[in-house]
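Beneath this line is the structure, given in structure tokens, with notes to follow.
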Ligand code: ADP
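In the numbering used here, the protein residues as written are -4 to 545.
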């Protein structure tokens, strides 16, 4: 019911109708008018020095009382009434009747109160449509004209005690009616025009307000959803606005940065040095909220109002940290590739003369006349030359692994071969092998490189165990995994990070290239190497090779 009443009211307002509040005020002013009118009348009466009250007074009181009562009832009804339009029309109609009554008791043509019609017409204009105002003007004319006509023809009933001027001339009546009716219609016309104008500007204002609301909402959404960080710095160098992306990049919320000095917040960002500085493009390293260093790429431009006054500086920025890190990595990788190429070229060049040196010394050693002392020295030369040769071979495999040719191989057979081969090696004399795999397991590998990687792991295992212990070999072709586990001391936590680095070794005569080579060749095959602890506390290296397309 209430909702329907409200809906009806909105409808009524849109057509220029009155709201409940306006009508309440209208009723209030009506009562106020009557009170003032009565007070004025009483004062006039007291001051006019008449010995007995004017005979019209009781009628005035009656009319005033009736009107107050009407206003009171209307105020009560206003809460419940649904059709405000009819209610308004009824109020205006009542007022016209009241005014006519007042004119009637105050002497008809002699009454001053015909101007009440004007007031009613004007107030009608506030609540009613233009047409209704003209109706009110017409009604006023008819009522006033009829009253005067009745008076003129002497048909007006005489109220007790009232003496109307009975002899009114035709021209007086005509003139009074003419002037008043003209006044009524002109007032209606002017009121209608003014009210129309008022309503039009009200509507225009409402439309503009709605547009501003929409615009503001749109702006907010754009600011929030834009991917770049946006910050507004006021002419005193303090942060005034900070969008969601800016918070995401720097970790600060708007509340945390609001009104802070940009120079303190992001030192190095050259946007303020006592005055705002536009920047076309620059980079800066700043600390985020959590103390992390971030590289920001930023640009700043002035925000001006239509009068070209500086409102502040709009700073847009992107997080380039990740990009910079990648750029750095690429540069390093490039440099390493160049160094690797150079080093492997040199290694190649050294290997050949080294082989000649070793060969020549071996020839010299065959001479029977060589003293024992010299022979021992020559043996050192040959041994060290061999060691150097092996180092160079290892280095070349690490630095320049040939592009792998992945072929579906029987890896279990490859492991069998390998075990057979190392069993003949003196370093593996006291090493037991436990083969934890079924025959026939196939995986896509580069046979030569894979064999090299496994061999390096086996040699490391034997060395870690001091040549005595057990090596477990496992294969899971479905998971693409091969592991080598030993019963040695395992790898201490503090060096686990470094063991794959080239030239990292804990052995006196180690090269530090074994695991680095394993890592390089497995990575070249698209796989990975994992280190874990074996069941007996030794090291377990798992080579993970991705399954081929098939
Ligand atoms: P190198 O064998 O020449 O020292 P590697 O790169 O093969 O070089 O190994 C690096 C280091 O990793 C070794 O010096 C050793 O300390 C450690 N390591 C490698 N394999 C094992 C293993 N199975 N058990 C214990 N430590 C190992």
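A virtual CB, placed ideally from N, CA and C, is assigned to each residue, including glycine.
For residue i, three-class secondary structure by DSSP
{"i": "residue -3", "result": "In this prediction, residue -3 scores a pLDDT of 39, lower than 50, which makes its location untrustworthy; the coordinate-derived value is nonetheless stated afterwards. Helix at residue -3."}
{"i": "residue 144", "result": "helix"}
{"i": "residue 253", "result": "coil"}
{"i": "residue 282", "result": "strand"}
{"i": "residue 537", "result": "strand"}
{"i": "residue 313", "result": "strand"}
{"i": "residue 495", "result": "coil"}
{"i": "residue 425", "result": "strand"}
{"i": "residue 523", "result": "strand"}
{"i": "residue 212", "result": "helix"}
{"i": "residue 277", "result": "strand"}
{"i": "residue 194", "result": "helix"}
{"i": "residue 112", "result": "helix"}
{"i": "residue 226", "result": "strand"}
{"i": "residue 7", "result": "Unreliable placement is indicated for residue 7, whose pLDDT of 44 sits below 50; no coordinate value is reported for it."}
{"i": "residue 151", "result": "coil"}
{"i": "residue 398", "result": "coil"}
{"i": "residue 238", "result": "coil"}
{"i": "residue 60", "result": "helix"}
{"i": "residue 53", "result": "helix"}
{"i": "residue 295", "result": "strand"}
{"i": "residue 472", "result": "coil"}
{"i": "residue 465", "result": "strand"}
Contact check, residue i vs residue j, beta carbons under 7 Å
{"i": "residue 138", "j": "residue 95", "result": "yes"}
{"i": "residue 287", "j": "residue 313", "result": "no"}
{"i": "residue 401", "j": "residue 441", "result": "yes"}
{"i": "residue 87", "j": "residue 131", "result": "yes"}
{"i": "residue 508", "j": "residue 381", "result": "no"}
{"i": "residue 284", "j": "residue 224", "result": "no"}
{"i": "residue 438", "j": "residue 375", "result": "no"}
{"i": "residue 150", "j": "residue 168", "result": "no"}
{"i": "residue 467", "j": "residue 436", "result": "no"}
{"i": "residue 460", "j": "residue 427", "result": "no"}
{"i": "residue 66", "j": "residue 26", "result": "yes"}
{"i": "residue 276", "j": "residue 295", "result": "no"}
{"i": "residue 406", "j": "residue 448", "result": "no"}
{"i": "residue 399", "j": "residue 519", "result": "yes"}
{"i": "residue 358", "j": "residue 383", "result": "no"}
{"i": "residue 218", "j": "residue 238", "result": "yes"}
Rounded C-alpha distance that separates residue i from residue j
{"i": "residue 41", "j": "residue 34", "result": "11 Å"}
{"i": "residue 338", "j": "residue 430", "result": "39 Å"}
{"i": "residue 176", "j": "residue 19", "result": "29 Å"}
{"i": "residue 267", "j": "residue 195", "result": "48 Å"}
{"i": "residue 632", "j": "residue 76", "result": "Nothing can be reported for residue 632: it is not among the residues displayed for the chain, which extend from -4 to 545."}
{"i": "residue 414", "j": "residue 465", "result": "12 Å"}
{"i": "residue 503", "j": "residue 367", "result": "28 Å"}
{"i": "residue 527", "j": "residue 263", "result": "46 Å"}
{"i": "residue 111", "j": "residue 198", "result": "31 Å"}
{"i": "residue 385", "j": "residue 392", "result": "11 Å"}
{"i": "residue 354", "j": "residue 452", "result": "30 Å"}
{"i": "residue 432", "j": "residue 410", "result": "10 Å"}
{"i": "residue 54", "j": "residue 202", "result": "51 Å"}
{"i": "residue 290", "j": "residue 280", "result": "4 Å"}
{"i": "residue 21", "j": "residue 29", "result": "12 Å"}
{"i": "residue 506", "j": "residue 495", "result": "12 Å"}
{"i": "residue 4", "j": "residue 57", "result": "Reliability of the predicted coordinates at residue 4 is poor, the pLDDT of 43 falling under 50, and the value obtained from them is presented with this limitation in mind. Near 34 Å, if we compare the C-alpha coordinates of residue 57 and residue 4."}
{"i": "residue 252", "j": "residue 282", "result": "14 Å"}
{"i": "residue 360", "j": "residue 412", "result": "36 Å"}
{"i": "residue 488", "j": "residue 532", "result": "13 Å"}
{"i": "residue 10", "j": "residue 207", "result": "Annotation note: pLDDT 46 at residue 10 (below 50); position unreliable, no value reported."}
{"i": "residue 537", "j": "residue 434", "result": "19 Å"}
{"i": "residue 529", "j": "residue 254", "result": "59 Å"}
Status (buried if at least 16 other CB within 10 Å, exposed otherwise) for residue i
{"i": "residue 497", "result": "buried"}
{"i": "residue -2", "result": "Confidence at residue -2 is low in this model, with a pLDDT of 40, below 50, so its placement is unreliable and the value that follows should be read with caution. Burial call: exposed."}
{"i": "residue 318", "result": "exposed"}
{"i": "residue 81", "result": "exposed"}
{"i": "residue 512", "result": "buried"}
{"i": "residue 445", "result": "buried"}
{"i": "residue 172", "result": "buried"}
{"i": "residue 501", "result": "exposed"}
{"i": "residue 378", "result": "exposed"}
8 Å contact criterion, which residue i and residue j should meet: CB distance rounded
{"i": "residue 566", "j": "residue 179", "result": "An answer regarding residue 566 cannot be provided, because it is not within the stretch -4 to 545 covered by the chain."}
{"i": "residue 227", "j": "residue 235", "result": "5 Å"}
{"i": "residue 456", "j": "residue 477", "result": "Not really, about 14 Å apart at Cβ, beyond 8 Å."}
{"i": "residue 425", "j": "residue 463", "result": "4 Å"}
{"i": "residue 142", "j": "residue 103", "result": "6 Å"}
{"i": "residue 83", "j": "residue 123", "result": "6 Å"}
CB contact below 7 Å: residue i versus chain B
{"i": "residue 521", "result": "Here there is only one protein chain, and chain B is not present."}
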